[in-house]
Each structure stands twice: as structure tokens, then as C-alpha cells.
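Residue numbers (this note's numbering): 20 to 93. What follows is a set of notes on a single structure, which appears directly below.
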């Protein structure tokens, strides 16, 4: 079974900067070493209505992780 790794804060920061510089999803994926579908899902699932911001994406991930952790303890 394949073990998946979360995007790092640095990778999320790179996504933000590269999107603001009008890089394509494919170019962003190549720069950070992930598949373009990973980048697309990250932007879709953790982007804000005003665009993709790394701090916002990290906060969403941490909130979901906290909820998941709390549910596992019950």
C-alpha cells in the first residue's frame, strides 16, 4: 500500500508564489516535485474565495487535523 505524504508549509508557500507569478499547474507541479493533480486538489480544497494563500491553506489543514484527532479519541 502506498504511503502518502502531506504537502509541507514550504510547498504551500511555493504554490502561492508560483500561482501569483502565473505559472501553470504543470509548471508548479514540476517545480515542487508533485503531480499536477495534487496541486489542483490543494488549490480546490484549501484555496480561499479570493485565491490561494499558503497561511489560509495551512490553517485549514491544521483545523481538519485537529477535528480528526479529536474524533479519534472518542
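Backbone N, C-alpha and C fix where the C-beta goes; we use that ideal spot for every residue, glycine too.
Of the residues the options, the one placed nearest residue i, counting alpha carbons only
{"i": "residue 29", "options": "83, 46, 52, 89", "result": "52"}
{"i": "residue 78", "options": "27, 40, 21", "result": "27"}
{"i": "residue 39", "options": "92, 62, 89, 22", "result": "62"}
{"i": "residue 24", "options": "68, 86, 57", "result": "57"}
Residues bridged to residue i [DSSP beta-bridge criterion]
{"i": "residue 67", "result": "70"}
Whole-Å CB distance - residue i paired with residue j, under 8 Å assumed
{"i": "residue 37", "j": "residue 50", "result": "6 Å"}
{"i": "residue 80", "j": "residue 65", "result": "7 Å"}
Coil, strand or helix - residue i by DSSP
{"i": "residue 26", "result": "coil"}
{"i": "residue 32", "result": "helix"}
Quiz item: Is it a yes or a no for the stretch 60–78 touching the stretch 28–44, going by three-plus beta-carbon pairs under 8 Å?
Solution: As far as the Cβ criterion goes, the stretch 60–78 touches the stretch 28–44, which means the pair count is three or higher.
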